[in-house]
Amino acid sequence: MRVGTGYDSHRFDPARPLLLGGLHFPDHPGLSGFSDGDAVAHAVIDALLGAAGLGDIGTHFPPGDERWRGADSMELLSRVVAMLHAADWRVGNVDVTVICESPRIGVRAGEMRRLLGERVDVAPEAVSVKGKSNERMGWIGRGEGIAVHAVALVVRRDGGTGGRRGPGTESTTPANG
């Protein structure tokens, strides 16, 4: 098993709809970005790719590549999960923290857990979504945008740990502890 972390942040853009974890938040400015600006999906993508050792979102979906202009980030997340499966990984769990003054994340966290779980092929109970305020400090506190942190656990589909030991790295701990 392996753990990866992801981070994303975007400024608000009133000309765009706000999408977070695949959910539309009406009556709130959206986020800037080359794709649809879904910072939750982007952070989860980076956490999954990092855990599996497969690079980052910019490697697979480079900004500036017209194929990804306005792309549905939840569809990009599905593509990443397919990459993990092809590399013999599956998602164990995902933990997401959305940092913003508004919108209020907690009231829709259950919906977001369900949608993210569907995309990464785990039960909603294996997805955690939390909203945190920045206590009115800094650019987030001034309401200029949103930041998201994500942590993901991936495990080998065959049950292996995914770790490798090379020559000279054998454990000196007896097998019986």
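Each residue of the sequence shown is one higher than the one before, counting from 9 in the numbering used here. Using N, Cα and C, we set each Cβ at its ideal position, and we do this for glycine too.
Can you say whether residue i is buried or exposed, counting buried as having 16 or more other CB atoms within 10 angstroms of its CB?
i	result
G38	buried
V115	exposed
G30	buried
H93	exposed
P117	Residue identity differs from the one stated: residue 117 is Ala in this sequence, not Pro. A117 is buried by the Cβ-count criterion.
G66	exposed
D44	buried
G167	exposed
Kindly indicate which residue of the options has the alpha-carbon position closest to the one of residue i.
i	options	result
A60	I154, R10 and C108	R10
E143	G45, A134 and C108	C108
G146	R112, G14 and R19	R19
S141	E152, R98 and R165	E152
G149	S110, A23, E74 and A134	S110
S86	G139, P25, V128 and L57	V128
D64	D44, H50, A23 and R24	H50
F42	V135, D166, G72 and V130	G72
G12	G58, H32, R77 and L62	G58
G14	V130, L62, P22 and H32	L62
Is residue j closer than 8 Å to residue i when the C-beta atoms are compared?
i	j	result
G100	L27	no
R69	A79	Correcting the residue type first, residue 69 is Phe in the shown sequence and not Arg. Their beta carbons are under 8 Å apart, which means F69 touches A79 by this criterion.
S5	A155	Outside the modelled stretch of the chain, which goes from 9 to 185, sits residue 5, for which no answer is possible.
V2	L124	It is not possible to answer for residue 2, since the shown part of the chain is limited to 9 through 185.
D46	M82	yes
R121	V137	yes
V104	V163	no
W97	R165	yes
I113	L84	no
Just verifying my parser: in three-state terms, what is the DSSP assignment at residue i?
i	result
S43	coil
I113	coil
P70	coil
L62	coil
R165	coil
D96	coil
G185	Residue confidence is low: G185 scores 41 on pLDDT, short of 50, so the model does not pin down where it sits. No coordinate-derived value is stated.
Using 7 Å as the cut-off, classify the Cβ of residue i as near or not near the heavy atoms of the ligand NAD, replying yes or no.
i	result
S136	Of the ligands one can find in the structure shown there are none, so the ligand NAD has no counterpart to examine.
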